[in-house]
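Trainee: Numbering follows the working numbering, with no gaps: position 106 of the sequence shown is 950.
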Amino acid sequence: DRLNVVQLSCSRFHSAAVTASGALYTWGVGVCRERDRDTSSGSCGSTVSRLGHTGLQAELVPKRVLAGLERTRVVQVVVSDSHTLLLTAKGTLMSFGEGSRGQLGLGDSESVSFPQRIRSLRQRCVAIGVG
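1) Please work out which residues of its chain come closer than 7 Å, Cβ to Cβ, to R917, disregarding the five sequence neighbours upstream and downstream, and give them in chain order.
2) Whose C-beta lies closer than 6 Å to the C-beta of S853 among residues of the same chain, with five residues either side of it excluded?
3) Which one or two residues does DSSP pair with R961 in a beta bridge?
4) CB-CB under 7 Å to K907, same chain, minus the five flanking residues each way: which ones, in chain order?
5) Just curious, the beta strand (DSSP E) that A861 is in, first and last residue?
6) With a threshold of 6 Å on Cβ separation, who are the neighbours of S955 within its own chain once the five nearest residues in sequence on each side are excluded?
7) Just how far apart, CA to CA, sit L965 and V905?
8) For C969 and F940, what's the separation of their Cα atoms in angstroms?
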């Protein structure tokens, strides 16, 4: 099947795409390996998937992210080396991946493998970016 990709975001270790129907696909390195370690913080995120899938293996072809996105239409995605942010059609911001420095916006420094709503942002979001 061909995917009608309308938006793409890439980092050193993984990539993500949004389709016209609002599905999210990710691929690349599933978890941080020792050689990927962030030398400034020592963080590696080795126990959490940066792809949003069950399992920690690498995905060599795009695979749909299903967990946490049931009945959710994604309109935008951005990825960093270790985490992913996504925006839904309802203006909800979600995140997953390495969170050791609070970068997921979930109110703690935990890492999560599947998309989680950033509840502290109650306003409707219209665009996202990562750097």
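C-beta: ideal position from N, C-alpha, C; glycine also.
Mentor: So, from the data block:
1) G866, T932 and A933
2) A860, V921, V922 and V923
3) M938
4) Y869, T870, W871 and H897
5) H858 to T863
6) G889, V892, E942 and G943
7) 33 Å
8) 17 Å
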